[in-house]
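Asker:
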Amino acid sequence: MKTYKIAVLFLLFFSFFTVFAQEKTRKQLRTEQKLEKQKEIEKLIEAKEFEFVAQNSNSQIFRFIDLTANPNFIRFKPDFIKSEMPFFGRGFSGLGYGTSDTGLKFEGKPEKFEVRKVKKGYQIDVEVKGKQDYFNMTLSVSLEGSATLSIISNNRSPINYFGAISAIEEEKKE
Numbered sequence: 001m002k003t004y005k006i007a008v009l010f011l012l013f014f015s016f017f018t019v020f021a022q023e024k025t026r027k028q029l030r031t032e033q034k035l036e037k038q039k040e041i042e043k044l045i046e047a048k049e050f051e052f053v054a055q056n057s058n059s060q061i062f063r064f065i066d067l068t069a070n071p072n073f074i075r076f077k078p079d080f081i082k083s084e085m086p087f088f089g090r091g092f093s094g095l096g097y098g099t100s101d102t103g104l105k106f107e108g109k110p111e112k113f114e115v116r117k118v119k120k121g122y123q124i125d126v127e128v129k130g131k132q133d134y135f136n137m138t139l140s141v142s143l144e145g146s147a148t149l150s151i152i153s154n155n156r157s158p159i160n161y162f163g164a165i166s167a168i169e170e171e172k173k174e
């Protein structure tokens, strides 16, 4: 009877170890999720089709502005770029007063669209001509998808946005 109890305890002990040995640790799960996210970002960058959504902004006039409650985006495609970004800064000549278009709202075919892999991510240089302005954009994307967008315009002061890139969501038709 004593050997029977020892044998049962021995089997239970090893069955617990085999169950726990098959489970992945939190560190392994986080590493796998990180690798999956990096592959997803790499696919978006290689396809040159993604959307940047800003969470914060920084300009020469205003130090730091939270944009989480302010809808904004720039959709990047090799043949078309559309921007609906807010602008907090100084405008120079060529901008009309009293118009409702106070943000960086433009769309057009990029004259330059270069993607380079850098040490900790990607750098994307884009040049687009809008109706009244010329925009030179530099997007620095980390391997996890967080990004910094710098926009230099010939009629506005430079501005930086901090956010993330993701796949383009299809526009809802009403």
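Per UniProt numbering, the very first residue in the sequence shown carries number 1; after that it's consecutive. We put the CB at the ideal spot given by N, CA and C, even for glycine. Bear in mind the structure is a predicted one, so any value in this text is a computation, not a measurement.
Per DSSP, what are the beta-bridge partners of R116 in this structure?
Answerer: Residue mapping note: residue 116 aligns to position 116 of the sequence shown, counting from 1. R116 is bridged to Q123.
Asker: Looking at the secondary structure, which residues open and close the alpha helix (DSSP H) in which R63 lies?
Answerer: Counted from its first residue, the sequence shown places residue 63 at position 63. It is not in any alpha helix (DSSP H) - R63 carries neither H nor E in the DSSP assignment.
Asker: I'd like to know if A164 contacts chain C, where contact means its C-beta is closer than 7 Å to some C-beta of that chain.
Answerer: Of the chains in the structure shown, none is chain C; there is only one protein chain.
Asker: Using a threshold of 7 Å, state whether the C-beta atoms of E51 and K82 are closer than that.
Answerer: Stepping through the sequence shown from its first residue, residue 51 is reached at position 51. Stepping through the sequence shown from its first residue, residue 82 is reached at position 82. Cβ atoms of E51 and K82: not closer than 7 Å.
Asker: Can you tell me which residues form a DSSP beta bridge with T138?
Answerer: Indexing the sequence shown from 1 puts residue 138 at position 138. Its beta-bridge partners are D125 and S150.
Asker: Between which two residues does the alpha helix (DSSP H) holding R30 run?
Answerer: Position 30 of the sequence shown holds residue 30. Where R30 is concerned, the enclosing alpha helix (DSSP H) stretches over R26 to A47.
Asker: With the cut-off set at 7 Å, would you say D125 and E114 are in Cβ contact?
Answerer: Position 125 of the sequence shown, counted from the first residue, corresponds to residue 125. Position 114 of the sequence shown, counted from the first residue, corresponds to residue 114. Contact: yes.
Asker: Provide the residue(s) that pair with I159 in DSSP beta bridges, ordered along the chain.
Answerer: Locating residue 159 in the sequence shown gives position 159, counting from the first residue. Paired residue(s): S59 and I151.
Asker: Is the distance from the Cβ of F64 to the Cβ of N58 below 7 Å?
Answerer: As a first step, residue 64 is located in the sequence shown; it is residue number 64 there, counting from the start. As a first step, residue 58 is located in the sequence shown; it is residue number 58 there, counting from the start. Yes; because the gap between Cβ atoms is below 7 Å, this pair is in contact.
Asker: Output the distance between the C-alpha atoms of A167 and F88, rounded to the nearest integer angstrom.
Answerer: Residue mapping note: residue 167 aligns to position 167 of the sequence shown, counting from 1. Residue mapping note: residue 88 aligns to position 88 of the sequence shown, counting from 1. Going from the Cα of A167 to the Cα of F88 covers about 26 Å.
Asker: Note down the Cα distance separating E174 from R75, rounded to an integer number of angstroms.
Answerer: To locate residue 174, count along the sequence shown from 1; it is residue 174. To locate residue 75, count along the sequence shown from 1; it is residue 75. Unreliable positioning characterises E174 in this predicted model, as indicated by a pLDDT of 44, which lies under 50. The coordinate reading is nonetheless provided below. In a straight line, the C-alpha of E174 is about 20 Å away from that of R75.
Asker: Can you tell which of K37, R26 and Q28 has the C-alpha that lies nearest to the C-alpha of S142?
Answerer: Counting from one through the sequence shown, the residue named residue 142 turns up at place 142. The candidate whose alpha carbon is nearest that of S142 is K37.
Asker: Would Q60 pass as a contact of T68 if the rule is Cβ separation under 7 Å?
Answerer: Along the sequence shown, one-based indexing puts residue 60 at 60. Along the sequence shown, one-based indexing puts residue 68 at 68. It is not a contact, given that the beta carbons lie outside the stated cut-off.
Asker: What do you get for A147, buried or exposed, if any count of 16 or more other CB atoms within 10 angstroms of its CB means buried?
Answerer: In the sequence shown, the residue the question calls residue 147 occupies position 147. Burial call: buried.
Asker: Check each candidate in L104, L29, R30 and I45 and name the one with the smallest Cα separation from residue 190.
Answerer: This structure does not reach residue 190, given that the chain is present from 1 up to 174, and the question cannot be answered.
Asker: Under DSSP, the beta strand (DSSP E) around K82 begins and ends at which residues?
Answerer: Walking along the sequence shown from the start, residue 82 turns up at place 82. Its beta strand (DSSP E) spans residues F80 to M85.
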